[in-house]
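Engineer: Provided herewith is a single structure, encoded as structure tokens, for subsequent inquiry.
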Amino acid sequence: MEKVTAIVAIYKSEKFLPKLIESIINQTWSNIEILLIDDGSPDNSGAICDKYAKDDKRIKVIHKDNGGACESRNLGLKEATGDYIIIIDGDDWLEKDYIEYLMNLIHKTGSDMAMTDNVFTTRDRVQIENDSIETLTPEDAFCEIVYPRFYIGPWNKIYKTSLLINNNINFDRPWSGEGLYFAAMAAQCSNSVGLGHRKIYNYRLNNENSGLTHYNVVMGTNALENIKYIKENLVVRTKRTEYAADWHIWKNYKYILFLIVATDTVSSNKELYDECIRNIHGRLIKVLMHSEFRMKTKFKMLLEGIFPLWWVKHDLKKQRIALKNDTME
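So the mapping is simple: the numbering used here equals the position in the sequence shown, first residue as 1, plus 702.
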């Protein structure tokens, strides 16, 4: 049984920490190293981590000054001693067989990396009925992640430690979009990627301290910088991977426009606002022609491209209603 290191960056997560930590220590895969990185959290998160560490020798707590999730994850990568690595957000939680399921994908496909394309959220508690195992080429896996056809974060995936070390894959890219960079680069450098469909990760959408609920325009501009960097530094450079990156760049301009509207900063971000509108219109034909989507999705893309402001206002209204109704602890 190989050792798996779980890296958890923690900041202001005291409300959710017990559920998260207990979901890790109760994994059916017992050979685990648990690195809890307290990123200078001003609440009781650090004390909660210390309490659990006293009762479970597999837990190591690292207290540090606040520097962000990327800095904390990089520290975890340096401290990790496991054969494989998983990255977990500090407000989420795992199904009991999370690690066992991902390691089964690794073993059955002989891959350096494995992932599932479905997750539970606080708004979706229905399990996938029919599961299957697929082996993706690095090119296919990159496209699956970048389009994206499922959540792009690093947390519904497992990585061979030597894969990350040998290819210098870390979280040095600016927040946000760093998870996309991490997963996309790892996929390209893997011998292959195992893919399953079962939901084993629980992704929280109702944390009031999360970037999902606290909108910030810098989130969008950093994410745009990261996807452009990904395209410039493709390991698997084909027309397919370039077109996938092009689509994500186009979609990112819509994301920035969304954040500008959500933060009510159109006037103070007028130049960026105009840049978004210009790129959403100007890149539309190319992404419609070359992106790997069905006609129904492309028709929606066409409407988004022609009426971007209407669509972001519509999305914002939907998100606010969904957040208001999301009361799961």
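Ideal Cβ positions, reconstructed from N, Cα and C, are used throughout, including at glycine.
Thinking C-alpha only, which one of LEU1025, ASN904 and GLU704 is nearest LEU731?
Structural biologist: Going by the sequence as given, residue 731 is Trp instead of Leu. Of the candidates LEU1025, ASN904 and GLU704, GLU704 places its Cα closest to the Cα of TRP731.
Engineer: With a cut-off of 8 angstroms on the beta carbons, I'd call ALA711 and SER774 a contact; round off their distance for me.
Structural biologist: 4 angstroms between Cβ atoms; contact.
Engineer: Could you please give the first and the last residue of the uninterrupted alpha helix (DSSP H) stretch that includes LYS780?
Structural biologist: 771-781
Engineer: Does the Cβ-Cβ distance between ILE951 and ILE929 come in under 7 angstroms?
Structural biologist: Yes; because the gap between Cβ atoms is below 7 angstroms, this pair is in contact.
Engineer: If you draw a straight line from the alpha carbon of PRO850 to that of HIS983, how long is it in whole angstroms?
Structural biologist: 21 angstroms
Engineer: Please determine, among LYS972, LYS759 and VAL919, the residue with the shortest C-alpha to C-alpha distance to PHE960.
Structural biologist: VAL919
Engineer: Who are the Cβ neighbours of SER715 in its own chain at under 6 angstroms, not counting the five residues just before and after it?
Structural biologist: SER747, GLY792 and ASP793
Engineer: Taking 8 angstroms as the limit between beta carbons, can you name the residues of its chain near PRO876, skipping five residues before and five after?
Structural biologist: When the five nearest sequence neighbours on each side are left out, the beta carbons in the same chain lying within less than 8 angstroms of the beta carbon of PRO876 are those of CYS772, ASN924, GLU927 and ASN928, in order along the chain.
Engineer: How about GLY784 and GLU735: do their beta carbons lie closer than 7 angstroms?
Structural biologist: yes
Engineer: Using a Cβ-Cβ cutoff of less than 6 angstroms, which residues in the same chain neighbour TYR713 once the five nearest sequence positions on both sides are dropped?
Structural biologist: ASP741 and SER743
Engineer: Under the DSSP definition of a beta bridge, which residues are partnered with ASN904?
Structural biologist: Answer is TRP795 and PHE822, bridged to ASN904.
Engineer: Let's see if you can read the secondary structure: which residues bound the alpha helix (DSSP H) around GLY1039?
Structural biologist: Because the chain is modelled from 703 through 1031, residue 1039 falls outside the range shown and cannot be assessed.
Engineer: Among residues of its own chain, excluding the 5 on either side of THR761, which ones have a beta-carbon nearer than 6 angstroms to its beta-carbon?
Structural biologist: A small fix is needed here, since residue 761 is Ile in this sequence, not Thr. Once the five neighbours on either side are set aside, the close Cβ partners of ILE761 are ILE736, TYR754 and ALA755.
Engineer: Does the Cβ of GLN890 have 16 or more other Cβ atoms within 10 Å, making it buried, or fewer, making it exposed?
Structural biologist: Buried, since its Cβ has 16 or more Cβ neighbours within 10 Å.
Engineer: Can CYS1048 and TYR945 be called in contact, C-beta distance under 7 angstroms?
Structural biologist: Any property of residue 1048 remains undetermined from this structure, which presents the chain solely from 703 to 1031.
Engineer: Distance, Cα to Cα, ASP799 vs PRO720?
Structural biologist: Annotation: ASP799 to PRO720 spans about 18 angstroms, alpha carbon to alpha carbon.
Engineer: What are the boundary residues of the alpha helix (DSSP H) that includes THR811?
Structural biologist: 800-811
Engineer: Does the distance from the C-beta atom of GLY881 to that of PRO856 stay below 7 angstroms?
Structural biologist: yes
Engineer: Which residue wins for smallest C-alpha separation from LYS953, given the options ASN935, ASN971, PHE718 and LYS1002?
Structural biologist: Nearest option by C-alpha distance: LYS1002.
Engineer: Look at the Cβ atom of TYR905, then the Cβ atom of VAL821, and state whether they are nearer than 7 angstroms.
Structural biologist: yes
Engineer: Less than 7 angstroms separating the beta-carbons of ARG900 and ASP833?
Structural biologist: yes
Engineer: Residues bridged to THR837 by DSSP?
Structural biologist: GLY896
Engineer: Is the separation between the beta-carbon of THR818 and that of ILE871 shorter than 7 angstroms?
Structural biologist: no
Engineer: Whole angstroms is fine: what's the gap from ASN806's alpha carbon to TYR853's?
Structural biologist: 21 angstroms
Engineer: For ASP1017, which of helix, strand or coil comes out of DSSP?
Structural biologist: helix
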